[in-house]
């Protein structure tokens, strides 16, 4: 079981509104839910594994929802929006639209999962669970602004081909500190 938050999530988490709400999709036992809650965010962890969700039952700032997102049922969070949606090591393509629609204005999508080529170094190896080149870019094209994107090979925490994106549903205007309202600004590192 991985317990350390993904370097991709930690790199871009500074873009999530302070104290904001976060949807952690396919959260497992909550490595990201716990990390984000410890930083003051309110997190909804969703997974089909009730036992994994149960491990977060007493965690402050974490709500859990036991749901199978692949069983053909309607999206269980219709009408709800979040300041961030986090997805790692999970791919169910029919959810792309619902995930994007779940972002509030200014909301951040942090998505990282396995990509084409991963079969050469391990699991998953089934093409149904591997992103094609540029697939995440296409999934967010239009409604979101891409802030960061990578598609390549990692040695750590284990050899893997991955694709990852940080994309934002832009707000019309943003006030930062004492500066007058202006176009959104996205710091490229925290």
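Residue numbers (this note's numbering): 366 to 555.
The beta-carbon is built from N, C-alpha and C at its ideal position, and this holds for glycine as well.
Backbone CA spacing between residue i and residue j [nearest angstrom]
| i | j | result |
| --- | --- | --- |
| residue 472 | residue 384 | 13 Å |
| residue 416 | residue 392 | 12 Å |
| residue 510 | residue 377 | 14 Å |
| residue 424 | residue 432 | 19 Å |
| residue 482 | residue 501 | 16 Å |
| residue 554 | residue 404 | 17 Å |
| residue 497 | residue 390 | 21 Å |
| residue 427 | residue 412 | 13 Å |
| residue 400 | residue 373 | 13 Å |
| residue 457 | residue 520 | 25 Å |
| residue 414 | residue 434 | 11 Å |
| residue 379 | residue 443 | 26 Å |
Assigned exposure category for residue i - 16 Cβ within 10 Å defines buried
| i | result |
| --- | --- |
| residue 504 | buried |
| residue 528 | buried |
| residue 366 | Because residue 366 sits at a pLDDT of 46, beneath the cut-off of 50, its placement in the model cannot be relied upon, and the point is left open. |
| residue 534 | buried |
| residue 436 | exposed |
| residue 493 | exposed |
| residue 536 | exposed |
Member of the options whose CA lies at the smallest distance from the CA of residue i
| i | options | result |
| --- | --- | --- |
| residue 475 | 492, 454 and 491 | 454 |
| residue 422 | 398, 445 and 405 | 398 |
| residue 550 | 382, 484 and 424 | 382 |
| residue 478 | 406, 526 and 408 | 526 |
| residue 552 | 402, 458 and 512 | 512 |
| residue 486 | 466, 517 and 467 | 517 |
| residue 446 | 434, 413, 414 and 408 | 408 |
| residue 467 | 374, 373 and 532 | 532 |
| residue 465 | 530, 430, 375 and 522 | 530 |
| residue 489 | 418, 440, 523 and 379 | 523 |
| residue 499 | 491, 442 and 514 | 514 |
One or two residues paired with residue i in a DSSP bridge
| i | result |
| --- | --- |
| residue 518 | 526 |
| residue 431 | 412 |
| residue 378 | DSSP lists no partner for residue 378. |
| residue 533 | 473 and 510 |
| residue 407 | 386 |
| residue 451 | 389 and 475 |
Residue i vs residue j beta-carbon contact at 8 Å
| i | j | result |
| --- | --- | --- |
| residue 369 | residue 451 | no |
| residue 394 | residue 371 | no |
| residue 448 | residue 469 | yes |
| residue 480 | residue 460 | no |
| residue 402 | residue 429 | no |
beta-carbon residue i near the ligand ADP non-hydrogen atom, thresh 7 Å
| i | result |
| --- | --- |
| residue 477 | Of ligands this structure carries none, so the ligand ADP is not represented either. |
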